[in-house]
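Following my numbering, the numbering of the sequence shown begins with 417 at its first residue and continues without gaps.
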Amino acid sequence: MTSILLVTSSPRGDASHSTRVATELAQRLAAAAPGSTLVTRDLARDPLPHVDAAFASGIGKPAGERSAAQAAAVATSDAAVDELLAADTVVIATGLINFGIASTLKTWIDHIARAGRTFRYGADGPQGLVTGKQVYVVLASGGVYSAGPAAAFDHAVPYLRSALGFLGMTEVEVIRIEGVAMGAEAERDALAKARGLVSGLAVAA
């Protein structure tokens, strides 16, 4: 049975291009694999807490030695890690916000990047433990950042590829919805192009 994890992060709700296209992709992938499960984590509606002193001090302690605050912080992180590890496919949606990803998505990464659970250090350096997963990143942006003079300002895709790859998720495909602030026609074209890619991916799956 296939398990799909959909992680959305836009505060725009139903008006979010990234959320709508990523949800369509996740649903199409689920429909193409009868019996699959689809788990959604909406980081805008239910944001994870920023990592704090309780988290930072608690993750290095045995469970029996943690304070109540430390135990609660680690439990929140463990739930996000368990959810990720259970998935075969991960679909991540974010807007390009001030040249980076949504802060809620960054916090999710802070929670899932756990030494001993999602990566470990060995004699040859760090090793990602979250392997064998296909990841799709749906990124919406007002301008065009895939090429041209603005490409250097896209810190979202390089960061996501680096962070996910560090954890072992190296099969990452990016679906861009770009130029949506450049007029109604550009917005329609961007959505049509992204949805065309989604349709092709669902068929290929």
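Ideal placement from N, C-alpha and C gives every residue a C-beta, glycine not left out.
Continuous alpha helix (DSSP H) stretch holding residue i: start and end
{"i": "ASP498", "result": "484–502"}
Reduced DSSP secondary structure (H/G/I, E/B, other) of residue i
{"i": "SER432", "result": "coil"}
{"i": "TYR575", "result": "helix"}
{"i": "SER519", "result": "helix"}
{"i": "LEU583", "result": "coil"}
{"i": "THR424", "result": "strand"}
{"i": "LEU454", "result": "strand"}
{"i": "SER615", "result": "helix"}
{"i": "VAL437", "result": "helix"}
{"i": "ALA566", "result": "coil"}
{"i": "ALA539", "result": "coil"}
{"i": "ALA460", "result": "coil"}
{"i": "ARG444", "result": "helix"}
{"i": "LEU555", "result": "strand"}
{"i": "ARG530", "result": "coil"}
Status (buried if at least 16 other CB within 10 Å, exposed otherwise) for residue i
{"i": "ALA479", "result": "exposed"}
{"i": "ASP403", "result": "Outside the displayed span of the chain (417 to 621) sits residue 403, for which this structure offers no information."}
{"i": "PHE515", "result": "exposed"}
{"i": "LYS477", "result": "exposed"}
{"i": "GLU594", "result": "buried"}
{"i": "ALA600", "result": "exposed"}
{"i": "THR547", "result": "exposed"}
{"i": "HIS466", "result": "exposed"}
{"i": "GLY474", "result": "buried"}
{"i": "TYR537", "result": "exposed"}
{"i": "ARG461", "result": "exposed"}
{"i": "SER615", "result": "exposed"}
{"i": "ALA469", "result": "exposed"}
{"i": "SER493", "result": "buried"}
Residue span of the beta strand (DSSP E) that contains residue i, given as start and end
{"i": "PHE471", "result": "Premise fails: PHE471 lies in the alpha helix (DSSP H), 469–474, not in any beta strand (DSSP E)."}
{"i": "LEU545", "result": "Looking at the DSSP string, LEU545 is not in any beta strand (DSSP E), and its letter there is neither H nor E."}
{"i": "VAL560", "result": "From DSSP, VAL560 is part of no beta strand (DSSP E); its letter is neither H nor E."}
{"i": "VAL507", "result": "505–511"}
Reference residue i; option with closest CA among the options
{"i": "LEU422", "options": "GLU499, PRO542, LYS477 and ALA448", "result": "GLU499"}
{"i": "MET598", "options": "ALA556, LEU580 and PHE582", "result": "ALA556"}
{"i": "VAL554", "options": "ALA487, ALA491, PHE569 and GLY511", "result": "GLY511"}
{"i": "LEU459", "options": "ALA472, ALA502, GLY476 and PRO427", "result": "PRO427"}
{"i": "ASP526", "options": "ASN514, ALA579 and THR435", "result": "ALA579"}
{"i": "SER519", "options": "ILE528, PRO463 and ALA484", "result": "PRO463"}
{"i": "ALA509", "options": "VAL596, ARG444, THR456 and ALA489", "result": "THR456"}
{"i": "ARG604", "options": "LYS549, ALA529, HIS433 and SER419", "result": "HIS433"}
{"i": "SER425", "options": "ARG444, LEU501, VAL490 and TRP524", "result": "TRP524"}
{"i": "VAL437", "options": "ILE591, VAL596 and GLU481", "result": "ILE591"}
{"i": "SER452", "options": "ALA602, LEU501 and THR505", "result": "THR505"}
{"i": "LEU607", "options": "ALA491, ASP540, GLY558 and ALA496", "result": "GLY558"}
{"i": "ILE517", "options": "PHE582, ALA572 and GLY584", "result": "ALA572"}
Cβ of residue i within 8 Å of any chain B Cβ
{"i": "GLY474", "result": "Note that chain B does not occur in the displayed structure, where there is just one protein chain."}
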